[in-house]
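Undergrad: Using my numbering, the letters of the sequence shown correspond one by one to residues 3 to 189.
Where is the CB? At the ideal position from N, CA and C, for every residue including glycine.
Pasting in a structure now, in structure tokens, and then I'll have a few things to ask.
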Amino acid sequence: MVYNNQYRNMNSSELTRFKLSIKDIESVALYIKENFMNKLVTFNSKSHTIPLTFQSTNFQHLCGIKYEYGAKAFFESCIAQNINLEKVKIKADNTTFQKLSVLPLIKHLLSNKTSICPGGILNHIDYDSGLSTSNSRMLIPLKLKRDSYVMISLLNMMRHSHEINNVEKVTSIFSKDFHTRITTKLL
Numbered sequence: 003m004v005y006n007n008q009y010r011n012m013n014s015s016e017l018t019r020f021k022l023s024i025k026d027i028e029s030v031a032l033y034i035k036e037n038f039m040n041k042l043v044t045f046n047s048k049s050h051t052i053p054l055t056f057q058s059t060n061f062q063h064l065c066g067i068k069y070e071y072g073a074k075a076f077f078e079s080c081i082a083q084n085i086n087l088e089k090v091k092i093k094a095d096n097t098t099f100q101k102l103s104v105l106p107l108i109k110h111l112l113s114n115k116t117s118i119c120p121g122g123i124l125n126h127i128d129y130d131s132g133l134s135t136s137n138s139r140m141l142i143p144l145k146l147k148r149d150s151y152v153m154i155s156l157l158n159m160m161r162h163s164h165e166i167n168n169v170e171k172v173t174s175i176f177s178k179d180f181h182t183r184i185t186t187k188l189l
């Protein structure tokens, strides 16, 4: 559950910083729409299989913001390139800009730079598994929901003293389109 005191309005310098991130936010939203929406993307390593689905309501968690019009509206505003900055609140724990600094790395998920890591608790986030970039700079904690995992957050690992252990390199990635039922090998 998200409590109202977890988010706050931006001051003028934070608003300036946020504006500098808008192109990245919109670009990553478009990348996610094209590569993850209405698809089951399966990441495989030597001993793990991670079937991943994405819902538009997950995107604001990756950015570390709360949009007063709602999570789905934020994703749609990013795609339409018309984010209403007056309706954006950032995390009170000051992690929004840490998340935004690694957000562009999401574009490396469908490459050989991705690794799977086991679940755990990191920065008060309880997760079942995770996807990481090969240099472990970014971690996307995942939660198992029914038959697939969903992205629940985005962590900038350069800002933390924690290390990701037992990481396995992704060996293959498949994408199944829910509408056409066509499965495509991506890696």
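Determine the extent of the alpha helix (DSSP H) in which Lys1 is found, giving its start and end residues.
TA: Since the displayed the chain opens at 3 and closes at 189, residue 1 lies outside it and no answer follows.
Undergrad: Once DSSP output is grouped into helix, strand and coil, what is the label at Ile123?
TA: Within the sequence shown, numbered from 1, the residue matching residue 123 stands at position 121. If DSSP states are grouped into helix, strand and coil, Ile123 belongs with the strands.
Undergrad: Looking at Thr97: is its Cβ nearer than 8 Å to the Cβ of Gly66?
TA: Locating residue 97 in the sequence shown gives position 95, where the first residue counts as 1. Locating residue 66 in the sequence shown gives position 64, where the first residue counts as 1. Contact: yes.
Undergrad: Go to Lys178, then tell me how far its beta strand (DSSP E) extends in each direction, as first and last residue.
TA: Your numbering for residue 178 matches position 176 in the sequence shown. Looking at the DSSP string, the run of the beta strand (DSSP E) that includes Lys178 is Ser174 to Asp179.
Undergrad: Looking only at DSSP bridge pairs, what is Arg10 linked to?
TA: Taking the sequence shown and counting its residues from 1, one reaches residue 10 at position 8. Arg10 pairs with Ile92.
Undergrad: Which residues bound the beta strand (DSSP E) around Ser150?
TA: On the sequence shown, residue 150 is found 148 positions in, with the first residue counted as 1. Taken as a continuous stretch (DSSP letters only), the beta strand (DSSP E) holding Ser150 covers Ser150 to Met153.
Undergrad: From Val169, Lys178, Asn86 and Arg183, pick the residue whose C-alpha is nearest to that of Lys48; which is it?
TA: Indexing the sequence shown from 1 puts residue 48 at position 46. It is Val169.
Undergrad: The alpha helix (DSSP H) spanning Lys104 covers which residue range?
TA: On the sequence shown, residue 104 is found 102 positions in, with the first residue counted as 1. Lys is not the amino acid found at residue 104; the sequence shown has Val there. It spans Thr98 to Val104 - the alpha helix (DSSP H) in which Val104 sits, taken as one unbroken run.
Undergrad: Closer than 6 Å by C-beta to Leu87: which residues in its own chain qualify, once you throw out the five before and the five after it? Chain order, please.
TA: Locating residue 87 in the sequence shown gives position 85, counting from the first residue. Answer for Leu87: no residue qualifies.
Undergrad: State the DSSP-derived secondary structure class of Asn60, mapped to helix, strand or coil.
TA: One-based indexing of the sequence shown puts residue 60 at position 58. In the structure shown, Asn60 sits in a helix (DSSP, three-state: H, G or I).
Undergrad: Quick check on the burial criterion: 16 or more other C-beta atoms within 10 angstroms. Buried or exposed for Lys101?
TA: Within the sequence shown, residue 101 is the residue found at index 99, counting from 1. Buried is the call here.
Undergrad: Going by the CB atoms, is the gap between Lys41 and Ser155 shorter than 8 Å?
TA: Numbered from 1 along the sequence shown, position 153 holds the residue referred to as residue 155. Numbered from 1 along the sequence shown, position 39 holds the residue referred to as residue 41. Going by C-beta atoms, Ser155 is not nearer than 8 Å to Lys41.
Undergrad: For Lys35, which residues from the same chain have a beta carbon less than 7 Å from its beta carbon, with the 5 sequence-adjacent residues on both sides left out?
TA: For the purposes of this step, residue 35 is identified with residue 33 of the sequence shown, where counting begins at 1. Answer for Lys35: Ile81, listed in chain order.
Undergrad: How far does the alpha helix (DSSP H) with Ile190 in it reach, from first residue to last?
TA: Nothing in the structure corresponds to residue 190, since the chain is present only between 3 and 189.
Undergrad: Checking the sheet assignment: what are the DSSP bridge partners for Asp130?
TA: Start at 1 with the first residue of the sequence shown, and residue 130 comes out as number 128. Paired residue(s): none; Asp130 is not in a bridge.
Undergrad: On the criterion of 16 or more Cβ atoms from any shown chain inside 10 Å, does Ser163 qualify as buried, or is it exposed?
TA: Stepping through the sequence shown from its first residue, residue 163 is reached at position 161. Per-residue confidence for Ser163 stands at a pLDDT of 45, beneath the threshold of 50, marking its modelled position as unreliable; no derived number is given.
Undergrad: Let me confirm a value: Ile27 is counted as buried when at least 16 other C-beta atoms fall within 10 Å, else exposed. Which label applies?
TA: Taking the sequence shown and counting its residues from 1, the one referred to as residue 27 is at position 25. Buried, by the Cβ-count rule.
Undergrad: Can you tell me which of the three DSSP states Ile85 falls into?
TA: Position 83 of the sequence shown, counted from the first residue, corresponds to residue 85. If DSSP states are grouped into helix, strand and coil, Ile85 belongs with coil.
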